[in-house]
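Under the numbering used here, the first residue of the sequence shown is numbered 283, with each subsequent residue one higher. Where is the CB? At the ideal position from N, CA and C, for every residue including glycine.
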Amino acid sequence: MAGWHRRPLFAGRHDALRDWLREPGSLTARLKRRGAFRLALLRQELRCANPDECAALGVAPRTPCWVREVVLHCAGAPVVFAHTVLPASPRGVVDRWFARLGTRSLGSLLFAHPGFVRGELAFARLDARHPLHAPALAALGRPPAGVFRARRCAHRFGGQRVLVTEVFSAALGGEAGQRR
283 MAGWHRRPLF AGRHDALRDW LREPGSLTAR LKRRGAFRLA LLRQELRCAN PDECAALGVA
343 PRTPCWVREV VLHCAGAPVV FAHTVLPASP RGVVDRWFAR LGTRSLGSLL FAHPGFVRGE
403 LAFARLDARH PLHAPALAAL GRPPAGVFRA RRCAHRFGGQ RVLVTEVFSA ALGGEAGQRR
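Shown next, in the form of structure tokens:
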């Protein structure tokens, strides 16, 4: 299982994903600046979150949550698998916004609305034992050495919290992630 850390786990000084992992703003906005951006909605459903997600959100295990999974594409390549968890309770404006997102990115809301407060980033390497490895593998393809790099962050709006996990494709450090 992945252990989440406050510092990114770099593969060396020339780690191609270094800047992407540390990106302080919206990944969607950064990818859009590269051109040819597309978001594919995989699923958005009510289900139980993973135990480590419940802990990060401060909710009891098996708490019903809205879970949204998307793939961000840049230059025709899938580069980020995003997994978002919003507890179904307490209800508020965030779940109404969340329900209406469709194929728009959550980042366009989180970073545009001044009411959202972003928590600290946490970083992990996700191997096949982690629950997000299989859906990331299906969305992004096989990662180097079978391990994905990921980051996550909780955002708060009043009494509601949203946990966003972003899993990176190695392709992001290559041609798909380069400036045009």
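Nearest-angstrom Cα separation, counted from residue j out to residue i
{"i": "arginine 438", "j": "alanine 338", "result": "12 Å"}
{"i": "aspartate 377", "j": "arginine 344", "result": "18 Å"}
{"i": "valine 349", "j": "arginine 304", "result": "24 Å"}
{"i": "arginine 316", "j": "leucine 422", "result": "19 Å"}
{"i": "aspartate 297", "j": "proline 417", "result": "24 Å"}
{"i": "leucine 408", "j": "arginine 424", "result": "12 Å"}
{"i": "cysteine 330", "j": "proline 346", "result": "5 Å"}
{"i": "leucine 328", "j": "alanine 370", "result": "8 Å"}
{"i": "alanine 427", "j": "alanine 406", "result": "15 Å"}
{"i": "alanine 342", "j": "proline 372", "result": "13 Å"}
{"i": "leucine 383", "j": "arginine 411", "result": "30 Å"}
{"i": "alanine 357", "j": "phenylalanine 319", "result": "7 Å"}
{"i": "serine 387", "j": "asparagine 332", "result": "22 Å"}
CA nearest to the CA of residue i, picked from the options
{"i": "leucine 445", "options": "Ala311, Leu408 and Arg400", "result": "Arg400"}
{"i": "alanine 311", "options": "Trp286, Ala394 and Pro369", "result": "Ala394"}
{"i": "valine 449", "options": "Gly440, Ala322, Ala436 and Leu419", "result": "Leu419"}
{"i": "leucine 454", "options": "Gly307, Ser308, Pro346 and Val362", "result": "Val362"}
{"i": "phenylalanine 380", "options": "Arg325, Leu299, Arg320 and Arg433", "result": "Arg325"}
{"i": "phenylalanine 430", "options": "Ser451, Gly358 and Trp302", "result": "Ser451"}
{"i": "arginine 443", "options": "Gly340, Pro290, Ser390 and Arg382", "result": "Gly340"}
{"i": "leucine 392", "options": "Ala436, Arg320 and Pro333", "result": "Ala436"}
{"i": "aspartate 334", "options": "Ala357, Ala359 and Pro413", "result": "Pro413"}
{"i": "valine 375", "options": "Phe398, Glu402, Arg433 and Ala318", "result": "Phe398"}
Pair within 8 Å by beta-carbon distance, residue i and residue j
{"i": "leucine 354", "j": "leucine 309", "result": "yes"}
{"i": "valine 367", "j": "alanine 322", "result": "no"}
{"i": "cysteine 286", "j": "alanine 404", "result": "The sequence shown places tryptophan at residue 286, rather than the cysteine named in the question. Closer than 8 Å, so yes."}
{"i": "glutamate 402", "j": "arginine 288", "result": "yes"}
Residue i Cβ short of 7 Å to the ligand HEM heavy atom set
{"i": "arginine 344", "result": "The model on display carries no ligand, and the ligand HEM is accordingly not part of it."}
Inset, instruction - May I have a chain-ordered list of the beta strand (DSSP E) segments no shorter than 3 residues that lie completely inside the stretch 410 to 454? - result: 430 to 439 and 442 to 450
Inset, instruction - Just list the beta strand (DSSP E) runs in the stretch 316 to 357, keeping only unbroken ones of 3 residues or longer that don't cross its boundaries, in chain order. - result: 319 to 330 and 346 to 356
Legend entry - Uninterrupted beta strand (DSSP E) stretches inside the stretch 352 to 402 (no shorter than 3 residues): Runs found: 359 to 369.
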